[in-house]
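Novice: For the sequence shown, my numbering assigns the number -8 to the initial residue and increments by one for each residue that follows.
If you scroll down you'll find the structure; I have some questions about it.
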Amino acid sequence: MNSDRGDGSDAPRRRGRRSGGEDTRAALLEAAREIFVEQGYNGATVRAIATRAGVDPAMVNHWFGSKAGLFTASISLPFDPREVLSHLLEGDPERLAERMVREFLTAWDTAGGGQFIALVRSVATHDTAGRMLREFVTTLLFGRLITALGMDQPQLRAALCGSQISGLGMMRYVVKLEPLASADHGTVIAAIAPTLQRYLTGDLTGVSGE
């Protein structure tokens, strides 16, 4: 059903097939941003995106490896959510939050925080980026992570995790609030992880997601 709906919505914008160069990559990114916003991550299909971009669907795998990889590139995420999810689920579930905070800090610091800053600025000025960020929080990473853990109130937990991580990124890299901005990873993890762990696996009795 999603595939039919996605392909049909593309008809007015369909273009002739492109070659496999950098212009193809740019066209895929543009089309992906549009369709992810219109239909969400789950509703979007590789075929629909490729059709709107005017390229062969195989070009998605060629340039980005998968639909998830294309989503990552289109929203400027610092990592592939699928790879991170697999890594986070390894090991003691009670230390999951520590691994999560470390993963984000490492990715952000490696890029000097630039990708996160660009994303935050986009969210503040473009509805597209905001909706795509919500897809990341509720569907691609935190949503899938909570579901894999089999916890109750998955949507609320995913939203709480997203707020904790995005708040950390905002204060550390955008506002540059000291001493958080210059704190080492160990200090940040020790401070943030306990709260994040409660959101992931703790008792949320009395907290309603309605």
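Glycine included, C-beta positions come from ideal geometry on N, C-alpha and C.
The model shown is predicted, which means the values in this text are computed figures rather than measured ones.
With a cut-off of 8 Å on the beta carbons, I'd call residue 146 and residue 129 a contact; round off their distance for me.
Specialist: About 7 Å; that satisfies the 8 Å criterion.
Novice: Count the other C-beta atoms from every protein chain shown that fall within 10 angstroms of the C-beta of residue 134, then say buried if there are 16 or more, exposed otherwise.
Specialist: Residue 134 should be labelled buried.
Novice: Quick one: using the 10 Å Cβ neighbour count with 16 as the cut-off for buried, is residue 71 buried or exposed?
Specialist: Answer is buried; the Cβ neighbour count reaches 16.
Novice: Residue 15 and residue 37 - do their beta-carbons sit closer together than 8 Å?
Specialist: Taking 8 Å as the Cβ cut-off, residue 37 and residue 15 do not qualify as a contacting pair.
Novice: Where does residue 160 land, buried or exposed, given buried means 16+ other C-beta within 10 angstroms?
Specialist: Buried, by the Cβ-count rule.
Novice: Got a sec, what are the start and stop residues for the alpha helix (DSSP H) residue 72 sits in?
Specialist: Taken as a continuous stretch (DSSP letters only), the alpha helix (DSSP H) holding residue 72 covers 72 to 79.
Novice: Relative to the C-alpha of residue 12, which candidate in 50, 27 and 111 has its C-alpha closest?
Specialist: Minimum Cα distance to residue 12 is reached at 50.
Novice: What is the residue span of the alpha helix (DSSP H) that residue 145 lies within?
Specialist: Residue 145 -> alpha helix (DSSP H) spans 145 to 160.
Novice: Which ranges does the alpha helix (DSSP H) cover as unbroken runs of at least 4 residues, wholly within the stretch 159 to 196, from first to last along the chain?
Specialist: Runs found: 176 to 192.
Novice: Any idea if residue 196 is buried or exposed, counting beta-carbon neighbours within 10 angstroms, 16 or more meaning buried?
Specialist: Its Cβ having fewer than 16 others within 10 Å, residue 196 is exposed.
Novice: Taking the C-alpha atoms as reference points, what is the distance between residue 151 and residue 17?
Specialist: Taking the straight line from one Cα to the other gives about 34 Å.
Novice: Work out the CA separation of residue 186 and residue 30 for me, nearest whole Å.
Specialist: Cα-Cα distance, rounded: 33 Å.
Novice: Can residue 142 and residue 192 be called in contact, C-beta distance under 8 Å?
Specialist: For residue 142 and residue 192, yes; Cβs fall inside 8 Å.
Novice: For residue 165, which residues in the same chain have their Cβ closer than 6 Å to its Cβ, ignoring the five residues on either side in sequence?
Specialist: For residue 165, where only same-chain residues beyond five positions count, the Cβ hits under 6 Å are 108 and 111.
Novice: Figure out for me which residue from 179, 194, 95 and 28 has the closest Cα to the Cα of residue 78.
Specialist: Of 179, 194, 95 and 28, the residue nearest in Cα terms is 95.
Novice: At 4 residues or longer, and completely inside the stretch 13 to 95: list those alpha helix (DSSP H) runs for me, N to C.
Specialist: Within the stretch 13 to 95, the complete alpha helix (DSSP H) runs of at least 4 residues are 13 to 34, 37 to 44, 49 to 55, 58 to 66 and 72 to 79.
Novice: Report the three-state DSSP secondary structure of residue 134 (helix, strand or coil).
Specialist: Residue 134: helix per DSSP, three-state reduction.
Novice: Distance check for residue 58 and residue 158, CA to CA, integer angstroms please.
Specialist: Roughly 27 Å separates the two Cα atoms.
Novice: When the Cα atoms are used, what is the spatial distance from residue 149 to residue 43?
Specialist: If I take the Cα positions, the gap works out to 31 Å.
Novice: Between the Cα of residue 173 and those of 113, 153 and 100, spot the shortest distance and give me the residue it belongs to.
Specialist: Ranking the options by Cα distance to residue 173, first place goes to 100.
Novice: Since I believe residue 65 is in contact with residue 24 (beta carbons under 8 Å), could you give me their beta-carbon distance rounded to a whole number of angstroms?
Specialist: 5 Å between Cβ atoms; contact.
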